[in-house]
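Worksheet for the structure shown next.
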Amino acid sequence: MTTPDHHTLLRRAIALAATARARGNPPFGSLLAGPDGSVLAEEHNTTLTDRDITAHPELKLARWAARELDAASAARTTMYTSCQPCGMCEAAIQQAGLERVVFALSNEQLLDIRPGSGRPPVPQDGPALLDEVREVVAPYYR
Numbered sequence: 002m003t004t005p006d007h008h009t010l011l012r013r014a015i016a017l018a019a020t021a022r023a024r025g026n027p028p029f030g031s032l033l034a035g036p037d038g039s040v041l042a043e044e045h046n047t048t049l050t051d052r053d054i055t056a057h058p059e060l061k062l063a064r065w066a067a068r069e070l071d072a073a074s075a076a077r078t079t080m081y082t083s084c085q086p087c088g089m090c091e092a093a094i095q096q097a098g099l100e101r102v103v104f105a106l107s108n109e110q111l112l113d114i115r116p117g118s119g120r121p122p123v124p125q126d127g128p129a130l131l132d133e134v135r136e137v138v139a140p141y142y143r
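Note that the working numbering numbers the sequence shown so that position 121 is 122, with each residue one more than the last.
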């Protein structure tokens, strides 16, 4: 459930999305807020101007949080974003340990505006060589 305070921060994320668009990038913007609602960091999409397909604002902020905040602080941080994070960004947000994400536009609603990427899905094959890869990966998590 969103509140008027959430709406204020979402409007800032939407303004960041407008900045991205004005600078020639896809219109996405995000910010991180502390428990008191203060803005800790903000970003907008720069995928085209940086020529970096990973330059989503949510990913940039998750990286910032993982680098700049201790785990307890990150766990009290909320991301406000103009659009629901994609799978890549969602994974980074989870790894950064952020408490919550509040978004204005869902991925489903975005697809109504912009249907598909025009690119076919990339085929994936696997799993394979499970015993061999397990020897490398499993000890890291023990």
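By construction, the Cβ of each residue, glycine as well, lies at the ideal position given by its N, Cα and C atoms.
Since the model is a prediction, treat every value here as computed from it, not as a measurement.
Backbone secondary structure at residue i - three-state DSSP
i	result
R77	coil
For residue i, the first and last residue of its enclosing alpha helix (DSSP H)
i	result
H8	5-23
V138	131-138
G35	Careful: G35 lies outside any alpha helix (DSSP H) and carries neither H nor E.
Enclosing beta strand (DSSP E) for residue i [first to last residue]
i	result
E44	40-45
R64	Segment 58-69 is the alpha helix (DSSP H) holding R64; no beta strand (DSSP E) there.
Contact under 8 Å by Cβ, residue i with residue j
i	j	result
T47	A66	no
L32	L17	yes
A63	A97	yes
G88	P58	no
I114	V102	no
Y81	A21	no
Exposure of residue i, with buried meaning 16 or more beta-carbon neighbours within 10 Å
i	result
N26	buried
S107	exposed
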